[in-house]
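Peer 1: With numbering that gives the first Met the number 0 applied, the sequence shown covers 0 to 183.
Structure in structure tokens, see below.
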Amino acid sequence: MKKVHTPRWGWALTGSGHFFTESLDMIRTLDHVDLFVSKAAAEVVKMYKHDFALPDNIRVFKDVTASSAPVGNFYYGVYHTLVLAPATSNTIAKCVFGISDNLATNVFAQAGKCRVQTIVFPCDTAPELETRAPKGMVKVYPRRIDLENSERMKSFEATTVVESLKALEEAVEARKRELLEPAG
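Printed below as a string of structure tokens:
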């Protein structure tokens, strides 16, 4: 495997419309990104008719192999950070309980095993939320188990869990600043 000279951001999209557009906008502002698109995320792109046009410096990996082959790059120091956003309650539950059976959950597991800093934005972070559905804004009421799993995720090593779009933006900016600091 060819060594990547510039460590990259890894960003995994799941099947949530909750802040999907805003996540894509954030991705477009980053240099050196590998985008991991789960099968459910690919469906959301079509369902919500999102503009998926991305800069040429972004590599896109789709969930098309049973073993999620692209995750091997985590072992070779290709990534300095993984962002899992937006993350569905299904993805969060699988991650919390160690199930890595798709591209998004697999990259989360491998990031953890390789001690790659991870930022997670679960969709279910409050008892009542407004979210974008294909036909407009709707109210949702996350289940207690979904809120508990989002809370459990906070105990994971090298993992920052954010609860709002603003907090996601701040966490990404903070990570950018950390990466600019000389290793000490």
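We treat Cβ as the ideally placed atom computed from N, Cα and C, and that holds for glycine.
For N56, count the other beta carbons within 10 Å of its own beta carbon; 16 or more makes it buried, fewer makes it exposed. Which is it?
Peer 2: It is exposed - the Cβ of N56 has fewer than 16 other Cβ atoms within 10 Å.
Peer 1: Just to confirm my understanding: we take F107, look at its own chain, exclude 5 residues before and 5 after, and list those with CB closer than 6 Å. What are they?
Peer 2: The answer, listed in chain order, is L83 and C94.
Peer 1: Between which residues of its own chain and R151 is the CB-CB distance below 7 Å, once the five residues before and five after are set aside?
Peer 2: Cβ within range, chain order: V95.
Peer 1: Taking the alpha carbon of F73 as the point to measure from, which residue in M136, C122, K112 and T87 has its own alpha carbon closest?
Peer 2: Comparing Cα-Cα distances from F73 to each of M136, C122, K112 and T87, the minimum goes to K112.
Peer 1: Secondary structure at P54, three-state DSSP: helix, strand or coil?
Peer 2: Looking at P54 - three-state DSSP - the assignment turns out to be coil, as it is neither helix nor strand.
Peer 1: Quick one: which unbroken beta strand (DSSP E) runs of 3-plus residues sit fully inside the segment 10-95? Chain order, please.
Peer 2: DSSP runs (the beta strand (DSSP E)) wholly in the segment 10-95: 32-36, 57-61 and 78-86.
Peer 1: Sort G76, A103, V139 and S163 by Cα distance to R114 and report the nearest one.
Peer 2: Out of G76, A103, V139 and S163, G76 has the C-alpha closest to the C-alpha of R114.
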